[in-house]
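Quick note on the numbering used here: the sequence shown kicks off at 114 and runs consecutively.
Backbone N, C-alpha and C define an ideal beta-carbon position, used for all residues, glycine too.
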Amino acid sequence: MRRAAAVVLAALSLLAPAGRAVAEPIFLSRQYVRCTGCHYSPTGGGLLTPYGRSLSREELSTFGKSRGSGPSGREHEFLFGALGDALRPVSVGAELWPAHLDVDAAGFNSTRNFLMNADVTLAFRHESWTAYGELGRQPRGGDTRIASFEHWLGYQTRHLGARAGRFLPAYGVRLADHTSFTRATLGLDTNDQVYALELSYTDDRHLLQVSVGEHADGDRAFTTTGRWQFDLTPRTVLVASGLFRDASSLGPRGGSAGLAIGIAPSARLTIWAQGDARFRSATTSGKRAYTLLSDAAFEVYRGVWLKLSPQLLTEFGDASAGVVRFVVGLNLLPRTHWNVVLNWYHDRDRKTDGSARTLLAQLHLYL
């Protein structure tokens with residue numbers, strides 16, 4: 114029963130609310146190796162900069178690209194540019210994520226239609242300073258919270274940066290799928306995040322980010338992270354990461370260390386691989402566990418991405434146990450203000466061969 118429950122729990126993790134709108138590492142194929150090329154947040158996700166909005170229209174969407182040599186218009190802007198320049202230098206964004214979920218596991222079936230995310234985000238940028246805040250709803254169990262799950266103040270020079278507030282710290286590859294085993298196991302991905310100070314150094318080929326703070330949920334455990342990125346080429350990236358969290362009422366002392374590599378052989382294909390070793394202080398169920406993930410995305414047509422992702426999650430103390438997951442996904446990016454994500458998951462218990470199949474369909478609406 115315990116192992117069957119592990120597969121069901123892996124499937125039910127898809128019910129958890131997603132993190133804020135995320136960066137998509139598949140665009141390494143477009144030679145975008147840093148999140149800040151399009152996002153206000155140094156760790157990606159959340160509100161797009163004006164350049165990021167324009168890029169999403171002109172380079173990424175199926176039907177949004179401007180025709181001819183005339184002005185591109187303001188379709189990609191907030192409220193389709195209805196407010197003109199009235200908000201500058203403030204950027205505003207709003208998003209809604211209605212979703213449909215089907216779970217089919219041994220002895221368990223569930224179908225749900227629910228609102229995964231509903232958020233409003235503002236950012237103010239003046240010279241080297243950025244102020245960022247988000248307000249939204251988060252379903253958790255039978256309750257729904259409305260709060261600001263991300264807010265921070267940042268300062269960035271050519272090479273050095275700092276920010277303080279509440280945010281998701283840098284670790285590994287921030288894949289768009291918030292249930293990926295390399296993301297879900299960090300304990301930071303249901304809008305718990307951290308209250309922390311983050312310091313960074315960047316140059317043409319290196320990015321180092323270090324954060325020190327406390328977990329933002331009820332336990333307030335001391336948490337520190339580090340991430341180093343080396344851009345080998347415009348389409349090849351190497352990432353090393355580490356995370357440590359002190360003991361609390363919710364769990365023992367533990368953390369994770371990992372390596373990731375991203376390769377884009379062409380403008381239509383991106384491949385990421387990440388491996389993490391997880392550790393925790395001595396318990397009856399063991400000290401170590403491992404996570405492996407590969408994520409391949411191919412653009413079959415402009416704005417239409419097919420994704421394949423095999424994943425492995427082992428149990429603490431038993432490397433032969435755990436869950437094997439295979440994901441097939443389709444990302445449709447027809448216009449700047451909306452896209453569709455379809456993911457099919459197959460989770461299999463390595464000991465019992467018990468399995469669960471899950472379909473998650475999401476409509477992302479952005480203003």
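Taking all protein chains shown into account, do 16 or more other C-beta atoms lie within 10 angstroms of the C-beta of Ile259, making it buried, or fewer, making it exposed?
-> Reading the sequence shown from its first residue, position 146 is the one you call residue 259. By the 10 Å Cβ count, Ile259 comes out exposed.
Pick from Gly249, Ala277, Phe176 and Ser241: whose alpha carbon is nearest that of Leu235?
-> The residue you call residue 235 lines up with position 122 of the sequence shown. Closest by alpha carbon: Gly249.
Stretch pair the stretch 220-236 + the stretch 267-281: three plus CB contacts closer than 8 angstroms | no
Outcome for His319 when other beta-carbon atoms lying within 10 angstroms are tallied against a minimum of 16 | The count along the sequence shown starts at 1 and reaches residue 319 at position 206. With fewer than 16 other Cβ atoms within 10 Å, it is exposed.
Can you name the start and end residues of the beta strand (DSSP E) that Arg470 belongs to?
-> By one-based count along the sequence shown, residue 470 stands at place 357. Segment Ser468 to Tyr479, the beta strand (DSSP E) holding Arg470.
Contained beta strand (DSSP E) runs [length at least 3] in the stretch 363-411, N- to C-terminal order | 367-379 and 382-393
Beta-carbon contacts of Ala373 that lie in its chain and below 6 angstroms, excluding the five residues immediately before and after = The residue you call residue 373 lines up with position 260 of the sequence shown. Once the five neighbours on either side are set aside, the close Cβ partners of Ala373 are Gly285, Val286, Val352 and Gln387.
Report all residues from its chain with a CB closer than 6 angstroms to the CB of Arg415; omit the five preceding and five following residues, and keep chain order.
-> Within the sequence shown, residue 415 is the residue found at index 302, counting from 1. Cβ within range, chain order: Thr175.
Going straight from the alpha carbon of Thr471 to that of Glu263, what length do you get?
-> By 1-based counting over the sequence shown, the position of residue 471 is 358. By 1-based counting over the sequence shown, the position of residue 263 is 150. Their Cα atoms are separated by approximately 29 angstroms.
Count the CB pairs spanning the stretch 458-478 and the stretch 213-228 that are closer than 8 angstroms, and state whether there are at least three.
-> yes
Do you know offhand how far Gly355's Cα is from Gly159's?
-> Here the question's residue 355 lines up with position 242 in the sequence shown. Here the question's residue 159 lines up with position 46 in the sequence shown. Each residue's Cα considered, the two are about 23 angstroms apart.
Length of the line joining the Cα atoms of Pro365 and Glu327 | Counting from one through the sequence shown, the residue named residue 365 turns up at place 252. Counting from one through the sequence shown, the residue named residue 327 turns up at place 214. Going from the Cα of Pro365 to the Cα of Glu327 covers about 15 angstroms.
At which residues does the beta strand (DSSP E) containing Arg415 begin and terminate?
-> Walking along the sequence shown from the start, residue 415 turns up at place 302. No beta strand (DSSP E) contains Arg415, which DSSP labels as neither H nor E.
Continuous alpha helix (DSSP H) stretch holding Leu168: start and end | As a position in the sequence shown, residue 168 is number 55, starting the count at 1. Here the alpha helix (DSSP H) through Leu168 covers Pro163 to Leu168.
Kindly indicate which three-state DSSP category Ser154 falls into: helix, strand or coil?
-> The residue you call residue 154 lines up with position 41 of the sequence shown. Ser154 falls in the coil class under three-state DSSP.
Could you give the DSSP three-state label for Ala297: helix, strand or coil?
-> By one-based count along the sequence shown, residue 297 stands at place 184. Here Ala297 sits in helix by DSSP.
Leaving aside the five residues before and after Tyr245 along the sequence, list all residues of the same chain whose C-beta is less than 6 angstroms from its C-beta, in chain order.
-> In the sequence shown, the residue the question calls residue 245 occupies position 132. Once the five neighbours on either side are set aside, the close Cβ partners of Tyr245 are Tyr153, Ala236 and Trp265.
Please work out which residues of its chain come closer than 6 angstroms, Cβ to Cβ, to Phe357, disregarding the five sequence neighbours upstream and downstream, and give them in chain order.
-> The count along the sequence shown starts at 1 and reaches residue 357 at position 244. Around Phe357: Thr337 and Gly368.
Cα-Cα separation between Phe221 and His459, rounded to whole angstroms | Start at 1 with the first residue of the sequence shown, and residue 221 comes out as number 108. Start at 1 with the first residue of the sequence shown, and residue 459 comes out as number 346. Using only the alpha carbons, I get a separation of about 14 angstroms.
Tell me the DSSP bridge mates of Tyr145?
-> The residue given as residue 145 occupies position 32 in the sequence shown. Paired residue(s): none; Tyr145 is not in a bridge.
CA-CA distance, Ala477 and Leu288?
-> Here residue 477 refers to the residue found at position 364 when the sequence shown is read from its first residue. Here residue 288 refers to the residue found at position 175 when the sequence shown is read from its first residue. Before going on, a small fix: residue 477 reads as His here, not Ala. Their Cα atoms are separated by approximately 16 angstroms.
Using three-state DSSP, classify Glu240 as helix, strand or coil.
-> Position 127 of the sequence shown, counted from the first residue, corresponds to residue 240. Coil.
Between which two residues does the beta strand (DSSP E) containing Ser174 stretch?
-> As a working note, residue 174 is residue 61 in the sequence shown. No beta strand (DSSP E) contains Ser174, which DSSP labels as neither H nor E.
When the distance is taken between beta carbons, is Gly399 closer than 8 angstroms to Leu431?
-> Stepping through the sequence shown from its first residue, residue 431 is reached at position 318. Stepping through the sequence shown from its first residue, residue 399 is reached at position 286. First, the residue type needs correcting, since residue 431 is Asp and not Leu in the sequence shown. Yes. Within cutoff.
Would you check if the distance between the CB atom of Ser179 and the CB atom of Arg348 is smaller than 8 angstroms?
-> Position 66 of the sequence shown holds residue 179. Position 235 of the sequence shown holds residue 348. Going by C-beta atoms, Ser179 is not nearer than 8 angstroms to Arg348.
Gln144 to Lys464, Cα distance in whole Å?
-> As a working note, residue 144 is residue 31 in the sequence shown. As a working note, residue 464 is residue 351 in the sequence shown. Going by the C-alpha atoms only, they are around 41 angstroms apart.
Have a look at Ser313 and Phe227 and give me their C-alpha separation to the nearest angstrom.
-> The residue labelled residue 313 in the question sits at position 200 within the sequence shown. The residue labelled residue 227 in the question sits at position 114 within the sequence shown. Answer to the nearest angstrom: the Cα atoms are 38 angstroms apart.
For Phe439, is the classification buried or exposed, using 16 other Cβ atoms within 10 angstroms of its Cβ as the cut-off for buried?
-> Counting from one through the sequence shown, the residue named residue 439 turns up at place 326. Exposed is the call here.
Range of the contiguous beta strand (DSSP E) that encloses Tyr314 | Counted from its first residue, the sequence shown places residue 314 at position 201. That run of the beta strand (DSSP E) goes Val307 to Thr315.
Assumed close pair Thr156, Ala283 - CB separation to whole angstroms, cut-off 8 angstroms = Translated into the one-based positions of the sequence shown, residue 156 becomes position 43. Translated into the one-based positions of the sequence shown, residue 283 becomes position 170. That pair is a contact at about 5 angstroms.
Cβ of Leu402 within 8 angstroms of Cβ of Leu421?
-> Residue 402 sits at position 289 when you count from the first residue of the sequence shown. Residue 421 sits at position 308 when you count from the first residue of the sequence shown. The amino acid occupying residue 402 in the given sequence is Ala; Leu does not appear at that position. No; because the gap between Cβ atoms is not below 8 angstroms, this pair is not in contact.
Going by other Cβ atoms of all chains shown within 10 Å of its Cβ, with 16 needed for buried, is Ala134 buried or exposed?
-> One-based indexing of the sequence shown puts residue 134 at position 21. Low per-residue confidence applies at Ala134: pLDDT is 47, beneath 50, and the placement is therefore not dependable, though the value from the model is reported in the following sentence. Per the 10 Å Cβ criterion, buried.
Starting from Ser179, trace the beta strand (DSSP E) both ways and give me its first and last residue.
-> Position 66 of the sequence shown, counted from the first residue, corresponds to residue 179. No beta strand (DSSP E) holds Ser179; DSSP gives it neither H nor E.
For the beta strand (DSSP E) that contains Arg438, what are its first and last residues?
-> Numbered from 1 along the sequence shown, position 325 holds the residue referred to as residue 438. Arg438 -> beta strand (DSSP E) spans Asp431 to Arg448.
Assuming Thr449 and Ser204 make a contact with CB atoms under 8 angstroms, what is their CB distance in whole Å?
-> The sequence position of residue 449 within the sequence shown is 336, counting from 1. The sequence position of residue 204 within the sequence shown is 91, counting from 1. Contact flag wrong, Cβ pair sits at about 14 angstroms.
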